[in-house]
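K.L.:
Residue numbers (the numbering used here): 60 to 512. Sharing a structure with you now.
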Amino acid sequence: MTTPHAPLPAREIPWPPNVTIREFARDPLGLYERLHREHGDVFGVRMLGGLVRMVIVASPDGVEQVLARNQGAYVKPGIFLKIVRPLFGGGIFSSEGKAWKRKRRLLAPTFQRERLLDMGPAIVEATAAHVATWDTKDADAPRDILEELNGLTLRVASRVFFGTDLEKHAATFGHALREAFACLGARLSGSPPLPLWVPTPGNRRLRRARTTLRDLMRDILATRRESGSEGDDLLGRLLAARDEDGQAFGDNELIDEMITLLIAGHDTSAAALSWTLRLLAEHPEVLARVHAEIDDVVGERLPTVENVPSLRLTRQVFDETLRLYPPAWGQPRKAIAEDVVDGFRLPRGMLVTTSQWLVHRHPTWWPDPERFDPGRFDAEPSANRPRFAWFPFGGGARVCIGRQLALLEAPLILATILQSYTVRPSGPRPEPDPTFTLRPRGTLPLLLVPRDR
């Protein structure tokens, strides 16, 4: 007869020596990687003499505990919400508690599978129209694929979400968004930020960017209201949405959600698709297989949503890119109750970050983790990995509401581009820039070469 073992007591979190704000801001990914190697899957980071303390979680089980199994014990930190609200207002991304639940209920029907499938033709038409503008007379001249895809995804997102084409505003929108993200990144990685009304250079830049973005959204909303029709796109559904009390979104709420959805549907997609094309350019054998798949499944016509399930390799390439370069590279939470995470005691009030960057490169679950290998997402290896070994869209109740749209959109955009073009690298692969989202640092030059078919 055996006696059951009592559960092991929770361990104390390892706290390495203080790091400086400058060290953290200069290379947070490198810092996380070093501390992960030295201290394991759960470790603390202290800054400002210990005034700022946060725990980094880098195991699938620990991530699942925080984001899903015991998600009620965690909220988005107040300091994080204070930093991002100047840009996102009270949108779903920057809401908590009852406000978040109300917004999620109002938005959820818009992202049901049947409605997403209806967006497919608009995604493809907007992509094809944008690709048709590419000047291919000088195929030997590299072009910044990130800049190209910023314009493309803005065109797609504005068409799908708002039934309009913001391409003529792409430069204005892109500049304002880059300014806002640079300011948010500095506020997130530096000392506790000053209130937005304090006239620092960074605050002035952020206020200007916010005004530009909100004015654009206000113009779109006014045009829709003047038309006398709600419309059948995402904006129309937001205008028609009612909560259980019969309340609709107010104009400021609508603008908050419009900015949130446009940023999520444009910026993160542009970054992820840019990394995807760069990785394909560096791996011509995989690119050749993707071209063959697209030719076989789609042929010479434009792709449709019905083609997406058959574009298996194309989807695996995108999934592997999201593993290596997840646009959301860490998710902040605050414990509102004591918890045990991966065997470590986490006290109430502790700041926690679940790290996609570290988990997606964890050698236990991803052998040779720096290698680009879409075969990792074949059925058998996928079945042998924990649920949260790959979580580019987060998880639990607060999983990204646009997850299914992103996974529908990416194969359609990639197929539309790669029907007509092949890609080749130009110069070294840029380093990732972990500001608000994980984008290439600087430009991402590629050669876009028309295909001979």
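Heads up, the beta-carbon is just placed ideally off N, CA and C, and yes, glycines get one too. Treat the numbers as computed from the prediction; the structure is a model and nothing was measured.
Would the segment 437-448 and the segment 301-318 be scored as touching if the rule is three or more Cβ pairs under 8 Å?
P.N.:
no
K.L.:
Leaving out five residues before and five after residue 60 in sequence, what residues of the same chain have Cβ atoms less than 6 Å from its Cβ?
P.N.:
For residue 60, the predicted model reports a pLDDT of 43, less than 50, meaning its position is unreliable; a value from the coordinates is still stated below. Cβ within range, chain order: n/a, list empty.
K.L.:
What did DSSP end up calling residue 115 once you bin it into helix, strand or coil?
P.N.:
strand
K.L.:
What distance in whole Å lies between the Cβ atoms of residue 220 and residue 292, which are believed to be in contact at a cut-off of 8 Å?
P.N.:
So it is a contact: roughly 6 Å between Cβ atoms.
K.L.:
Is the number of C-beta pairs between the segment 289-309 and the segment 220-238 that are closer than 8 Å three or more?
P.N.:
yes
K.L.:
For residue 234, does the count of other Cβ atoms within 10 angstroms reach 16, so buried, or fall short, so exposed?
P.N.:
exposed
K.L.:
Which term fits residue 327, buried or exposed, when burial requires 16 or more other beta carbons within 10 angstroms of its beta carbon?
P.N.:
buried
K.L.:
Closer than 7 Å by C-beta to residue 208: which residues in its own chain qualify, once you throw out the five before and the five after it? Chain order, please.
P.N.:
329, 332 and 333
K.L.:
Report back the beta-carbon spacing between residue 4 and residue 122 to the nearest angstrom; my notes put them in contact at under 8 Å.
P.N.:
Any property of residue 4 remains undetermined from this structure, which presents the chain solely from 60 to 512.
K.L.:
My guess is that residue 491 and residue 483 are in contact by the Cβ rule of under 8 Å, so how many angstroms apart are they, rounded?
P.N.:
The pair is not a contact, with the Cβ atoms about 21 Å apart (cut-off 8 Å).
K.L.:
Considering only residues of the segment 376-434, which uninterrupted beta strand (DSSP E) runs meet the minimum length of 3 residues and lie entirely inside it, listed in chain order?
P.N.:
390-394, 398-400, 403-405 and 410-413
K.L.:
Report the residue ranges of all alpha helix (DSSP H) runs contained in full by the segment 141-196; include only those spanning at least 4 residues, in chain order.
P.N.:
156-166 and 172-190
K.L.:
Which stretch, first to last residue, makes up the alpha helix (DSSP H) that contains residue 343?
P.N.:
343-356
K.L.:
Report the partner residues of residue 497 according to the DSSP bridge assignment.
P.N.:
493
K.L.:
Where do the N-terminal and C-terminal ends of the beta strand (DSSP E) with residue 481 fall, by residue?
P.N.:
480-484
K.L.:
Beta carbon of residue 104, beta carbon of residue 113: below 7 Å?
P.N.:
yes
K.L.:
In terms of residue numbering, what span does the beta strand (DSSP E) encompassing residue 367 cover?
P.N.:
Per DSSP, residue 367 belongs to no beta strand (DSSP E) and is neither H nor E.
K.L.:
Going by beta carbon distance, what residues of the same chain come within less than 7 Å of residue 259, once the five residues before and after it are set aside?
P.N.:
Taken in chain order, the residues that qualify are 253.
K.L.:
On the DSSP letters alone, give me the boundaries of the alpha helix (DSSP H) that residue 277 sits inside.
P.N.:
Unbroken alpha helix (DSSP H) run through residue 277: 260-286.
K.L.:
Can you give me the C-alpha to C-alpha distance between residue 99 and residue 286, rounded to a whole angstrom?
P.N.:
58 Å
K.L.:
On the three-state DSSP scale, how would you describe residue 504?
P.N.:
strand
K.L.:
For residue 386, which residues in the same chain have their Cβ closer than 6 Å to its Cβ, ignoring the five residues on either side in sequence?
P.N.:
These residues qualify, in order along the chain: 327, 330, 331, 496 and 497.
K.L.:
Beta carbon of residue 473, beta carbon of residue 201: below 7 Å?
P.N.:
No, the pair does not count as a contact, with Cβ atoms beyond the cut-off.
K.L.:
Check each candidate in 431, 358, 232 and 136 and name the one with the smallest Cα separation from residue 321.
P.N.:
232
K.L.:
Taking only three categories from DSSP, how would you classify residue 87?
P.N.:
helix
K.L.:
Less than 7 Å separating the beta-carbons of residue 139 and residue 391?
P.N.:
Yes, they are a contact pair.
K.L.:
Quick check: what's the CA-CA separation for residue 319 versus residue 187?
P.N.:
25 Å
K.L.:
Three-state secondary structure (DSSP) at residue 470?
P.N.:
Three-state DSSP puts residue 470 in a helix.
K.L.:
If you run the structure through DSSP and keep just helix, strand and coil, what is residue 310?
P.N.:
helix
K.L.:
Thinking C-alpha only, which one of 288, 241 and 247 is nearest residue 269?
P.N.:
The shortest C-alpha separation from residue 269 is found at 241.
K.L.:
Between residue 375 and residue 436, how many whole angstroms is the CB-CB distance? I'm expecting something under 8 Å.
P.N.:
That belief holds up - the Cβ atoms of residue 375 and residue 436 are roughly 4 Å apart, short of 8 Å.
K.L.:
Quick check on residue 102: does DSSP put it in helix, strand or coil?
P.N.:
strand
K.L.:
Tell me the rounded alpha-carbon separation between residue 324 and residue 176.
P.N.:
Whole-angstrom Cα-Cα distance: 16 Å.
K.L.:
Assign residue 171 to buried or exposed, taking buried as 16 or more other Cβ atoms, counted over all protein chains shown, within 10 Å of its Cβ.
P.N.:
exposed
K.L.:
Who does residue 203 pair with in a DSSP beta bridge?
P.N.:
504
K.L.:
Tell me which same chain residues have a C-beta within less than 6 Å of the C-beta of residue 433, skipping the five on either side of it?
P.N.:
375, 376 and 379
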